[in-house]
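Let me begin by presenting the structure, written as structure tokens, before commenting on it.
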Amino acid sequence: MKDEETENGKKPKIEKETGAVIEFIPLEEEEKTEESGAGMAQKIISSGNKNKEKSEEKGSLLSEGKKSGDEPELEEAKVKEASEEAGRLKSRLHKKEAEIKALRKERDEWKDKYLRALAEMDNARKRLEREREEFTRFALSDFLREVLLVVDNLERALASRDEANGRLFQEGVVMIYRQLIDLLRKLGVKPLEREDKKFDPNVHQALITEEADGIEEPEVAEYLQKGYWLHDRLLRPALVKVLVPKKNP
804 MKDEETENGK
814 KPKIEKETGA
824 VIEFIPLEEE
834 EKTEESGAGM
844 AQKIISSGNK
854 NKEKSEEKGS
864 LLSEGKKSGD
874 EPELEEAKVK
884 EASEEAGRLK
894 SRLHKKEAEI
904 KALRKERDEW
914 KDKYLRALAE
924 MDNARKRLER
934 EREEFTRFAL
944 SDFLREVLLV
954 VDNLERALAS
964 RDEANGRLFQ
974 EGVVMIYRQL
984 IDLLRKLGVK
994 PLEREDKKFD
1004 PNVHQALITE
1014 EADGIEEPEV
1024 AEYLQKGYWL
1034 HDRLLRPALV
1044 KVLVPKKNP
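Just so we're aligned, residue 804 is where the sequence shown starts under the numbering used here, counting upward by one.
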């Protein structure tokens, strides 16, 4: 074949058995053709890549457009959900506030009951102490009444004494009387004052009553028996003779 090449490097036409003529392309043109084909292939690949990029970009834009179109709905859904949650929290808050209010009311009621019970206990304690003190102070009332009868007899004896009976007896009786009065005074017994002439039914007991002229209200005319105090309580009233206003006929 090399022998048959021409000077210009072109291959001669070879006739096959079919009689067709085959044209041989020079090497340089074949290389150019290959380069052209490679370039064309590169252009096709580049064009395909660009179309793919455009397609992907278009898809991305469509996807972004779809996403941007869904954003208002998502925002609305979020707002709705937040609103519902706020409503639920508000409802729970009102419920808790009502429970707190009820508990505070119950607490105040129990506190009031406690303070009342505490005050009642304190009053009961004070009352018991006062009653015990009064019992201690006035426990001898009955005994002292009997002692006063002795005092009365001694006073009568002294009032009706006879000078001829002897001074020693009189002095002895006087001594006993004074000792007894001192004892009663130590026990808290003291006689009722006689200065007030006005009749007081709280401390006087009318044994004799007489009408009299020139008076507008009852008056004590005479003390027949002394009255006595035991501390600040009346031990026995004084027996008195009372004058009352005279009734008009």
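Ideal Cβ positions, reconstructed from N, Cα and C, are used throughout, including at glycine. Only a predicted model underlies this, so the values are computations on that prediction, with no experimental measurement involved.
Beta-carbon separation (whole angstroms), residue i vs residue j, contact threshold 8 Å
i: residue 990; j: residue 1046; result: Not confirmed; about 34 Å, so no contact.
i: residue 986; j: residue 1032; result: Actually they are not in contact, since the Cβ atoms of residue 986 and residue 1032 sit about 15 Å apart, beyond 8 Å.
i: residue 1019; j: residue 1002; result: Contact flag wrong, Cβ pair sits at about 12 Å.
i: residue 1049; j: residue 1014; result: 4 Å
i: residue 975; j: residue 1006; result: With 8 Å as the limit, residue 975 and residue 1006 do not qualify as a contact, their Cβ atoms being about 33 Å apart.
i: residue 1034; j: residue 940; result: 6 Å
Close-in-space but distant-in-sequence residues of the same chain around residue i (CB under 7 Å, 5 per side omitted)
i: residue 1010; result: 1027, 1042, 1043, 1044
i: residue 764; result: Because the chain here runs from 804 to 1052, residue 764 falls outside it and cannot be looked at.
i: residue 1012; result: 1045, 1047
i: residue 830; result: Since pLDDT at residue 830 reaches only 46, below the 50 mark, its modelled position is unreliable, and no value is offered.
i: residue 944; result: 1033, 1038
i: residue 915; result: none
Reduced DSSP secondary structure (H/G/I, E/B, other) of residue i
i: residue 1006; result: coil
i: residue 1092; result: No statement about residue 1092 is possible, as the shown extent of the chain runs from 804 to 1052 and does not include it.
i: residue 997; result: coil
i: residue 1044; result: strand
i: residue 987; result: helix
i: residue 817; result: Confidence at residue 817 is low in this model, with a pLDDT of 44, below 50, so its placement is unreliable and no value can be given for it.
i: residue 1050; result: coil
i: residue 832; result: Model confidence at residue 832 stands at a pLDDT of 49, short of 50, so the residue's coordinates are unreliable; what they give is reported in the following sentence. Helix at residue 832.
i: residue 826; result: Legend: pLDDT at residue 826 = 46, less than 50; position of this residue unreliable, no value from coordinates given.
Closer than 7 Å to chain C by CB, residue i
i: residue 937; result: Annotation note: the requested chain C is absent from the structure, which comprises a single protein chain.
Neighbourhood of residue i by C-beta distance below 8 Å, restricted to the same chain and skipping five residues each side
i: residue 1000; result: 1022, 1023
Close Cβ partners of residue i (< 6 Å) along its chain, the five nearest in sequence each way excluded
i: residue 1051; result: none
i: residue 1016; result: 1049
i: residue 980; result: 957
* **Segment contact, 8 Å Cβ cut-off, at least three pairs: the region 1028-1043 with the region 942-953** => yes
* **Minimum length 3: unbroken beta strand (DSSP E) runs contained in the region 878-925** => Listed in chain order, the beta strand (DSSP E) elements of length 3 or more contained wholly in the region 878-925 amount to none.
* At 3 residues or longer, and completely inside the region 928-966: list those beta strand (DSSP E) runs for me, N to C. => none
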